[in-house]
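Q: Could you have a look at this structure, given as structure tokens, before my questions?
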Amino acid sequence: MLRKIFTKYLFFILISLFGFGFVLAYLFGDEQSYGINKTVGWAYDISTEVFYTALIFTFSQVLFLVGYLIIFFLGRKTNYHLSITHFEIILLTLIFYENFIINMIFCVFSIILFFINIFKSHKQE
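This is how it looks when you write it as structure tokens:
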């Protein structure tokens, strides 16, 4: 039962996990914006680590959702052990979201594991 869920329906598990994460971030997030009422130029400061973390994390999550959705529509199964490991790495990425170095390591490892899982997928019997 668990093997079928993680090999065939990983897309739906990820959708529910990311939806839950977004709801928690919305409800318990402490993001605040402050503004000054004056005209500013086009100089944007994107040197913060948070920007890169959010960009890479968001890109990887969209990549995973689209990739596993395509695998689901093609009727292919992924490797059980790789799927479980990839799911755990995604959970660790969500847990360590505030730490830039650890988050980048988990994101890169998760992307590599995703492509290995896609290439090792096989047609259902």
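Following the numbering used here, the numbering of the sequence shown begins with 307 at its first residue and continues without gaps.
Just so you know, even glycine gets a beta-carbon here, dropped at the ideal spot from N, CA and C.
Check the C-beta distance from Phe-317 over to Tyr-374 and give it rounded, since I have them as a contact under 8 angstroms.
A: On the sequence shown, residue 317 is found 11 positions in, with the first residue counted as 1. On the sequence shown, residue 374 is found 68 positions in, with the first residue counted as 1. Confirmed, Cβ separation roughly 4 angstroms.
Q: Could you spell out the range, first to last residue, of the alpha helix (DSSP H) harbouring Phe-415?
A: As a working mapping, residue 415 is identified with position 109 in the sequence shown. Its alpha helix (DSSP H) spans residues 406-425.
Q: Please say whether Thr-391 and Ser-427 have beta carbons closer to each other than 8 angstroms?
A: Within the sequence shown, residue 427 is the residue found at index 121, counting from 1. Within the sequence shown, residue 391 is the residue found at index 85, counting from 1. No, the Cβ-Cβ distance between Ser-427 and Thr-391 is not below 8 angstroms.
Q: Measuring CA to CA, which of Lys-429, Leu-333, Ser-416 is closest to Phe-365?
A: Mapped onto the sequence shown, residue 365 falls at position 59. Here the closest residue by C-alpha is Ser-416.
Q: Candidates Ser-322, Val-368, Ile-311: which alpha carbon is nearest Phe-420's?
A: Sequence index remark: in the sequence shown, residue 420 carries index 114 (1-based). Per the Cα distances, Val-368.
Q: So, for Leu-398: in the same chain, excluding its five sequence neighbours on each side, which residues have a beta-carbon less than 7 angstroms away from its beta-carbon?
A: Counting from 1 along the sequence shown, the entry for residue 398 is found at position 92. Only Phe-412 meet the Cβ criterion.
Q: Below 8 angstroms CB to CB, which residues in the same chain sit around Arg-382 once its five sequence neighbours on both sides are set aside?
A: Counting from 1 along the sequence shown, the entry for residue 382 is found at position 76. The answer, listed in chain order, is Ser-427, His-428, Lys-429, Gln-430.
Q: What residue from Leu-388, Ile-424, Ile-362, Phe-370 has the CA that sits closest to Arg-309's CA?
A: Here residue 309 is taken as the residue at index 3 of the sequence shown, counted from 1. Cα-wise, what sits closest to Arg-309 is Leu-388.
Q: Between Leu-371 and Phe-406, what straight-line distance do the alpha-carbon atoms span, to the nearest angstrom?
A: Residue mapping note: residue 371 aligns to position 65 of the sequence shown, counting from 1. Residue mapping note: residue 406 aligns to position 100 of the sequence shown, counting from 1. The alpha-carbon atoms of Leu-371 and Phe-406 are separated by roughly 23 angstroms.
Q: Could you please give the first and the last residue of the uninterrupted alpha helix (DSSP H) stretch that includes Phe-393?
A: Counted from its first residue, the sequence shown places residue 393 at position 87. That run of the alpha helix (DSSP H) goes 386-401.
Q: Taking only the alpha-carbon atoms, compute the straight-line gap between Leu-330 and Ile-422 and give it to the nearest angstrom.
A: As a working note, residue 330 is residue 24 in the sequence shown. As a working note, residue 422 is residue 116 in the sequence shown. Those two C-alpha atoms are separated by around 30 angstroms.
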